[in-house]
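Protein sequences, first through last, are from chains Y and P.
Position one of the first sequence corresponds to residue 1 (our numbering), numbered consecutively onward.
Position one of the second sequence corresponds to residue 481 (our numbering), numbered consecutively onward.
See structure below.
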Amino acid sequence: MSREDYEVVMGLEIHAELSTKTKIFCSCPTDFGGEPNTHCCPVCMAMPGALPVLNEKVVEYAVKAGLAMNCEIAENCKNDRKNYFYPDLPKSYQISQFDKPLCNHGYVEIDTKDGKKKIRILRIHIEEDAGKLNHDEYGRGSFVDLNRAGVPLIEIVSEPDIRGPEEADAYFKKIKSILEYIEVSDCKMQEGSLRADVNVSVRKKGDPKLGTRTEMKNMNSFRAIQNAVNYEAQRQIEVIESGGKVEQETLRWDELQGKTFSMRDKEDAQDYRYFPEPDLGMIHISKEYIENVKKTLPELPESRKKRYIEEYKLPEYDANILTSSKYFSNLFEGAVEKCGSAKAVSNWIMSDITGYLNENEIEPEKIPFTAENLAELITLIDKGTISSSIAKKVLPEMFEGEEKSPREIIEKNGWVQISDEGAIKEVVAKVLEANPQSIIDYKAGKDRALGFLVGQAMKETKGKANPGMLNKMFLEELNK
Amino acid sequence: MNISRDEIIHISKLARLNLTGEEIEKYTKDLEDIIGFANTINGVDTENIDESITATEQSNVFRKDEVKEFDDKEALLSNAPSMEGRNVPPSKCFIIGR
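The structure is reproduced here in structure tokens:
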């Protein structure tokens with residue numbers, strides 16, 4: 001049997017750090033970086049007798065995420081202790097939620113090659129992050145930095161509704177995009193503020209029973225998830241095809257070697273001995289509370305997409321890309337508001353801006369100029385102040401230079417388009433004088449000669465001449 | 481309540497305890513007694529009584545999301561077994577899998 005006879009079934013557990021100012025159970029700052037062990041206090045360092053107090057913003061943000069992902073919000077919920085020993089966990093337990101999470105039974109929609117598909121969300125719960133271990137390269141030991149200990153997380157657990165790596169990718173991107181839109185997490189994957197545990201199993205197509213799953217922890221890039229799932233699915237199929245059985249285990253994905261490795265043997269199988277957290281009370285969520293949080297929800301990507309198609313008449317493909325990131329979407333809407341040309345703004349974002357980001361491996365949130373800047377660029381082209389070929393030179397300047405205003409960039413570099421009739425006439429005369437053969441060719445019916453002459457004039461003016469005017473004046477001269 | 485030897489070995493592993501054969505015997509018996517005692521609570525009639533999850537009746541005890549830096553950070557690190565910069569190496573008993 002080949003791979004085509006199998007179906008890859010996946011579930012994702014996505015951890016997102018919430019962008020609160022302070023930690024979940026104490027008033028220490030959550031800022032990333034900082035000298036090791038400086039954002040700490042007796043609570044997050046687990047000093048005996050120190051007691052946790054829940055940050056109200058954590059509940060609000062988690063409810064917001066739950067509503068944005070169509071979850072039921074629990075009327076009553078509580079925190080639980082998850083017990084395990086690890087050097088990055090100073091209390092030797094993590095305060096999490098076990099049987100009564102804050103949000104239950106939601107879903108998000110993803111686009112697949114067969115159309116829209118709902119991926120169900122089993123639950124979203126709140127918990128604290130662990131510290132960080134810095135492993136010494138000389139083998140002297142591991143250094144514990146507890147700045148991250150106690151940073152609030154939500155864990156979003158999907159049902160095993162995901163089929164194959166492409167859907168996993170679409171789902172992960174959708175969750176990231178929603179969290180960015182509702183502004184509860186900055187989702188910086190390289191800083192580990194968004195990461196996923198991926199459960200993978202395979203089964204023969206048509207088999208109603210799920211296969212045994214393996215889990216890969218802490219994946220923090222789209223590419224790693226794709227590669228890891230592809231590898232792991234193939235490995236499981238090979239195990240089954242050779243008559244073996246897939247063991248339920250936790251694996252580590254090694255991106256460099258492109259392989260998964262077993263992390264714990266069976267004897268170490270986790271036994272977390274959850275029990276209700278005695279240091280914290282219950283959380284009651286009222287209907288009014290939920291209604292108030294609902295009012296703070298911004299327009300979500302699905303709704304924006306619909307609006308772009310209906311209101312701005314954009315193709316669905318364009319609307320999809322523009323709403324895939326809050327940063328694109330806000331840039332688009334901001335610029336359209338200023339310059340009024342939805343199609344032009346969309347084209348700039350879809351081609352030149354996306355091209356620049358991909359080429360330089362930059363995330364959309366790192367776009368350094370504003371929607372006003374982009375609108376100004378488009379307005380300058382519309383007014384004929386610059387040609388679109390000059391505009392393509394202005395954009396990299398907007399990314400790289402100190403000056404972000406296209407008008408300033410153009411003036412500084414002397415890129416203003418020449419639309420002065422006298423100046424253009426002069427160039428036309430000069431080019432015609434230097435290229436008598438082209439005049440003969442044109443008169444002999446070779447239309448290409450005109451294009452050549454315009455090109456020469458553009459070269460002469462370093463691309464600044466208004467191409468429309470050039471064309472017109474050359475024709476006038478040649479037809480005399 | 482019967483506790484097996486294997487359960488004691490499993491629990492001691494989770495607690496990172498190395499028990500001798502004698503201790504395993506002793507704790508098997510002790511834990512049977514302890515759980516047996518705790519089980520007396522199961523005799524209470526809980527019909528018509530709401531489930532209670534926490535020891536206190538308090539709920540929704542929240543803190544505002546405002547930064548307050550702890551001011552005696554040196555004291556926090558004074559128990560660390562050794563230091564490099566401000567990193568605290570874990571004490572030996574915490575190192576697993578080495």
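Glycine included, each C-beta is placed from N, C-alpha and C at the ideal position.
Note that the structure is predicted; figures quoted are calculated from it, not measured.
Does DSSP classify residue i as helix, strand or coil?
| i | result |
| --- | --- |
| residue 339 (chain Y) | helix |
| residue 45 (chain Y) | coil |
| residue 112 (chain Y) | strand |
| residue 252 (chain Y) | strand |
| residue 93 (chain Y) | strand |
| residue 384 (chain Y) | coil |
| residue 328 (chain Y) | helix |
| residue 282 (chain Y) | strand |
| residue 418 (chain Y) | strand |
| residue 39 (chain Y) | coil |
| residue 157 (chain Y) | strand |
| residue 259 (chain Y) | strand |
| residue 491 (chain Y) | Outside the modelled stretch of chain Y, which goes from 1 to 480, sits residue 491 (chain Y), for which no answer is possible. |
| residue 498 (chain P) | coil |
| residue 22 (chain Y) | strand |
| residue 474 (chain Y) | helix |
| residue 399 (chain Y) | helix |
| residue 406 (chain Y) | helix |
| residue 560 (chain P) | coil |
| residue 444 (chain Y) | coil |
| residue 490 (chain P) | helix |
| residue 555 (chain P) | helix |
| residue 434 (chain Y) | helix |
| residue 457 (chain Y) | helix |
Looking only at its own chain, which residues have a Cβ that is under 8 Å from the Cβ of residue i, when we skip the five neighbours before and after it?
| i | result |
| --- | --- |
| residue 21 (chain Y) | 29, 30, 57 |
| residue 484 (chain P) | 508 |
| residue 448 (chain Y) | 441 |
| residue 59 (chain Y) | 102, 126, 283, 285 |
| residue 84 (chain Y) | 92, 93, 94, 270, 272 |
Considering only C-alpha positions, which residue in the set the options is nearest to residue i?
| i | options | result |
| --- | --- | --- |
| residue 26 (chain Y) | Y:45, Y:9, Y:13 | Y:45 |
| residue 184 (chain Y) | Y:131, Y:218, Y:352, Y:17 | Y:17 |
| residue 250 (chain Y) | Y:212, Y:274, Y:234 | Y:212 |
| residue 221 (chain Y) | Y:102, Y:242, Y:263, Y:170 | Y:170 |
| residue 203 (chain Y) | Y:3, Y:468, Y:438, Y:433 | Y:3 |
| residue 358 (chain Y) | Y:399, Y:335, Y:11, Y:330 | Y:399 |
| residue 232 (chain Y) | Y:242, Y:223, Y:215 | Y:215 |
| residue 342 (chain Y) | Y:374, Y:365, Y:429 | Y:374 |
| residue 281 (chain Y) | Y:52, Y:15, Y:9 | Y:52 |
| residue 473 (chain Y) | Y:419, Y:446, Y:86 | Y:419 |
| residue 395 (chain Y) | Y:355, Y:478, Y:423 | Y:355 |
| residue 47 (chain Y) | Y:412, Y:89, Y:115, Y:82 | Y:89 |
| residue 192 (chain Y) | Y:257, Y:219, Y:175 | Y:219 |
| residue 456 (chain Y) | Y:436, Y:308, Y:405 | Y:436 |
| residue 161 (chain Y) | Y:301, Y:302, Y:7, Y:421 | Y:7 |
| residue 255 (chain Y) | Y:246, Y:238, Y:237, Y:228 | Y:228 |
With a threshold of 6 Å on Cβ separation, who are the neighbours of residue i within its own chain once the five nearest residues in sequence on each side are excluded?
| i | result |
| --- | --- |
| residue 498 (chain P) | none |
| residue 371 (chain Y) | 331, 334, 335 |
| residue 266 (chain Y) | Any answer about residue 266 (chain Y) is weak, because its pLDDT of 46 lies below 50 and its placement is not dependable; what the coordinates show is given next. Counting only Cβ-Cβ distances below 6 Å, and skipping sequence neighbours, we find nothing. |
| residue 275 (chain Y) | 81 |
| residue 117 (chain Y) | 110 |
Between residue i and the rest of its own chain, which residues show a CB-CB distance below 7 Å, the 5 nearest in sequence each way excluded?
| i | result |
| --- | --- |
| residue 332 (chain Y) | 322, 345, 346, 349 |
| residue 463 (chain Y) | 387, 389, 390 |
| residue 384 (chain Y) | 417, 419, 466 |
Going by DSSP, what residue range makes up the beta strand (DSSP E) through residue i?
| i | result |
| --- | --- |
| residue 132 (chain Y) | 132–135 |
| residue 508 (chain P) | Premise fails: residue 508 (chain P) lies in the alpha helix (DSSP H), 501–518, not in any beta strand (DSSP E). |
| residue 307 (chain Y) | Careful: residue 307 (chain Y) lies outside any beta strand (DSSP E), inside the alpha helix (DSSP H) at 301–311. |
| residue 84 (chain Y) | From DSSP, residue 84 (chain Y) is part of no beta strand (DSSP E); its letter is neither H nor E. |
| residue 202 (chain Y) | 194–204 |
| residue 484 (chain Y) | In the structure displayed, chain Y extends from 1 to 480; residue 484 (chain Y) sits before or after that span and is not available. |
| residue 534 (chain P) | Taken as a continuous stretch (DSSP letters only), residue 534 (chain P) belongs to no beta strand (DSSP E), as it is neither H nor E. |
| residue 144 (chain Y) | 142–145 |
Under the DSSP definition of a beta bridge, which residues are partnered with residue i?
| i | result |
| --- | --- |
| residue 152 (chain Y) | Y:128 |
| residue 117 (chain Y) | Y:110 |
| residue 123 (chain Y) | Y:104, Y:157 |
| residue 543 (chain P) | Y:55 |
| residue 546 (chain Y) | No answer is possible for residue 546 (chain Y): it lies beyond the span of chain Y, which begins at 1 and ends at 480. |
| residue 29 (chain Y) | Y:22 |
If I follow the unbroken alpha helix (DSSP H) through residue i, where does it start and stop?
| i | result |
| --- | --- |
| residue 172 (chain Y) | 164–181 |
| residue 216 (chain Y) | It is not in any alpha helix (DSSP H) - residue 216 (chain Y) instead sits in the beta strand (DSSP E) that spans 214–219. |
| residue 293 (chain Y) | 287–295 |
| residue 224 (chain Y) | 222–241 |
| residue 354 (chain Y) | 354–359 |
Using the beta-carbon of each residue, which ones in chain A are nearer than 7 Å to residue i?
| i | result |
| --- | --- |
| residue 535 (chain P) | Looking for chain A here will not work: the only protein chains present are Y and P. |
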